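Working notes, structure below.
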Amino acid sequence: MPFRATVRAIATDSRGRLVAGGKDSMLYGLTEAPLRLNDDVYGIAADLRGGLWAGLRASGLCHVAPDGDVTYHTETGMAPLSRVFTLLRVGTTLYVGTRDNGLWALDIADRQRPRVKAHAADSALVHSLSLLRNGNIAVCTSRGFWICTPGLGVVSRPSERHNVICAAELPDGTILLSTNGHGMMRQSHGKSLGLPKALRAIDSYALNMAWGPDSSLWMVTDDKLMRYSFGEDRLDVFGAADFGENLTFSESQCCIFQDSLLYVGAIPGMMEVDVKAIDRYVEARDDGGGTKPWHGAIAVATALGAALACKRRKKAKAAPQRYGVAPGKPEVVGADTAFVDRLNSVLNSVIADADADIDSIASSMNMTRNMLFQRCSETLGATPAALLQRRRMERACQLFDAGERRVKEVAWQTGFNDPKYFAKVFKKTKGMTPTQYVENQREKDGK
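Put into structure tokens, the structure is as follows:
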């Protein structure tokens, strides 16, 4: 299906699937057929159960279940929740940035009834939100840059009322800001700092910034894509000559890594960049190999539906899982052994934690979310969410095999607050309901 509108939001759900939404009110990737919502999609945040939250331009917030069932939430209990511009989920808290209605922190443990935890009132436009390494929230607004606690307490106020579009935390702990009108800026604890030499060459502002699996910072402007290597202080710039056509990119939540691929929303369509192939491409280009687009590194898709279908086909043709993450020691050799052993330990520690998510697992592994996704995909052939779910199902079987017959108790011990949802996942994974599994065990035991 041709995608004729601006791609406004791209994300991966908890199952590792690429999902996207745009200014035609369509949501792609969650269900087999594109799903029409009642307004344009301006933000996407995955939940922990295979569904997602969507922020709508003028119609508030909605939750979309894995089967496509949509629940709209236009009232928060304190004020109308409308004109959503950006979303950020951290555990069971959903941060909602709006235009003219401030920043909200919602408890989404019950996805049918999100509850207000905090509200920071402001008439500014909240452009983007990001999670800092210390757990605080970076808030980029049309009236400056804020740092808030998870409960929206103020840590740092804007020293200047610049229109800050997006921010990225650099390896040295400083914050890189992209502003409309004042270019790129860097600060620490509210104080302005000088920019590294390579970044001073940027003559426009970035719409979006995202860290890649190789620890490079990718930045998107109106018509360019840039890669900044912090350790080398090197900036690589890609434009129309590299893309093969003139492109205009969109703002906010339009960069996401999956299987080492960078997806960038465009007007219309999207662009896919293989970050592993970029180094070879840059070397060939800079050595005089011409600027003809190298399609192994950069691909432009103006038909989003086709792009997502292609992504599914690639996954379907992929080699089967190479290493299993199940009870016992996996068959791995070399440098991967330490990674899998550590991952096993972390997954075992969070099996019963209903609030465990990919961000917390990545933090325990001392990795970014993107790095964890890449390592799991390359080494184990599965997403972190799939590995956690598999481990939980294996643990459930162990409990049933050990004599536990109460489905509710096993659900609770494997991180599920809802026994019905646990039963649904168990049946999908094992091909039978928990009750049927228990009955089979009884027959085997002669009981």
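Position 432 (the sequence shown) corresponds to 432 in full-length UniProt numbering; numbering is contiguous. Backbone N, C-alpha and C fix where the C-beta goes; we use that ideal spot for every residue, glycine too. Fair warning: this is a prediction, and the values are worked out from it, not measured in the lab.
Beta-carbon proximity list for residue i, same chain, < 8 Å, skipping 5 on both sides
{"i": "Leu387", "result": "Val325, Leu343, Leu347, Cys376, Leu380"}
{"i": "Thr179", "result": "His162, Asn163, Val164, Ile165, Met185, Tyr205"}
{"i": "Asn136", "result": "Ile147, Cys148, Thr149, Pro150, Val155"}
{"i": "Asp359", "result": "Val90, Gly91, Leu131, Arg369"}
{"i": "Leu30", "result": "Asp13, Arg17, Val19, Gly51, Leu52, Val64, Pro66, Gly68"}
{"i": "Asn246", "result": "Asp223, Ala240"}
{"i": "Ala167", "result": "Ser128, Ser130, Ala138, Cys140, Phe145, Ile175, Leu176, Leu177, Ser178, Met209"}
{"i": "His189", "result": "Ser156"}
{"i": "Met367", "result": "Arg375"}
{"i": "Cys397", "result": "Lys430, Tyr437"}
Proximity of residue i and residue j at Cβ, strictly below 7 Å
{"i": "His127", "j": "Ile165", "result": "yes"}
{"i": "Ser159", "j": "Ile147", "result": "no"}
{"i": "Leu48", "j": "Leu35", "result": "no"}
{"i": "residue 449", "j": "Ile351", "result": "The first residue shown for the chain is 1 and the last is 447, placing residue 449 beyond what the model contains."}
{"i": "Gly55", "j": "Leu81", "result": "no"}
{"i": "Pro171", "j": "Asn370", "result": "no"}
{"i": "Thr429", "j": "Gly16", "result": "no"}
{"i": "Gly60", "j": "Thr71", "result": "no"}
{"i": "Thr98", "j": "Arg83", "result": "yes"}
{"i": "Tyr95", "j": "Leu129", "result": "yes"}
{"i": "residue 450", "j": "Val273", "result": "Only positions 1 to 447 of the chain appear in this structure, which leaves residue 450 out of reach."}
{"i": "Trp218", "j": "Leu262", "result": "yes"}
{"i": "Arg390", "j": "Val438", "result": "no"}
{"i": "Ala120", "j": "Leu152", "result": "yes"}
{"i": "Ala362", "j": "Leu372", "result": "yes"}
{"i": "Asp355", "j": "Val282", "result": "no"}
{"i": "Lys427", "j": "Thr433", "result": "yes"}
N-terminal and C-terminal residue of the alpha helix (DSSP H) that residue i is part of
{"i": "Tyr281", "result": "275-284"}
Bounding residues of the beta strand (DSSP E) (the contiguous stretch that carries residue i)
{"i": "Asp236", "result": "234-238"}
{"i": "Thr93", "result": "93-98"}
{"i": "Lys191", "result": "191-193"}
{"i": "Glu251", "result": "Counting along the chain, Glu251 falls outside any beta strand (DSSP E), and DSSP gives it neither H nor E."}
{"i": "Tyr263", "result": "261-265"}
{"i": "Ala198", "result": "No beta strand (DSSP E) holds Ala198; DSSP gives it neither H nor E."}
{"i": "Thr174", "result": "Counting along the chain, Thr174 falls outside any beta strand (DSSP E), and DSSP gives it neither H nor E."}
{"i": "Thr71", "result": "70-73"}
{"i": "Arg186", "result": "183-188"}
{"i": "Ile210", "result": "Residue identity differs from the one stated: residue 210 is Ala in this sequence, not Ile. That run of the beta strand (DSSP E) goes 208-211."}
{"i": "Ser229", "result": "225-229"}
{"i": "Leu217", "result": "216-220"}
Beta-carbon proximity list for residue i, same chain, < 6 Å, skipping 5 on both sides
{"i": "Phe145", "result": "Pro158, Val164, Leu177"}
{"i": "Ser229", "result": "Ser216"}
{"i": "Lys420", "result": "none"}
{"i": "Leu225", "result": "Phe238"}
{"i": "Trp104", "result": "Val96, His119"}
{"i": "Glu443", "result": "none"}
Cβ-based neighbour list, residue i, same chain, cut-off 7 Å, excluding 5 preceding and 5 following
{"i": "Asp107", "result": "Thr92, Thr93, Pro114, Arg115, Lys117"}
{"i": "Lys23", "result": "Ala5, Thr6, Arg8, Asp40"}
{"i": "Leu399", "result": "Val410, Gln413"}
{"i": "Asp233", "result": "Pro196, Lys197, Ala198"}
{"i": "Gln441", "result": "Phe400, Asp401"}
{"i": "Ala266", "result": "Val7, Leu247, Thr248, Phe249, Ser250"}
{"i": "Lys408", "result": "Pro419"}
{"i": "Leu37", "result": "Ser25, Leu27, Ala54, Leu56, Cys62, Val70"}
{"i": "Ser123", "result": "Asp100"}
{"i": "Phe339", "result": "Arg375, Thr379"}
{"i": "Arg392", "result": "Ile351, Thr414, Gly415"}
{"i": "Ala201", "result": "Leu235"}
{"i": "Asp279", "result": "none"}
Closer than 6 Å: residue i CB and nearest the ligand MN heavy atom
{"i": "Gly244", "result": "As far as ligands go, the structure on display features none, and thus does not contain the ligand MN."}
- prompt: What beta strand (DSSP E) runs, 3 residues minimum, are completely inside the segment 4-66?
  reply: 7-12, 18-22, 26-28, 41-46, 52-56, 60-64
Ordered list of alpha helix (DSSP H) runs contained in the UniProt domain "HTH araC/xylS-type" (341-440), each at least 4 residues: If one requires a minimum length of 4 residues, the alpha helix (DSSP H) runs lying completely within the UniProt domain "HTH araC/xylS-type" (341-440) are 358-364, 369-380, 384-401, 407-413, 419-430, in chain order.
field: Residue ranges of each alpha helix (DSSP H) within the segment 91-153, 4 or longer
entry: Entirely contained in the segment 91-153, not one alpha helix (DSSP H) run reaches 4 residues.
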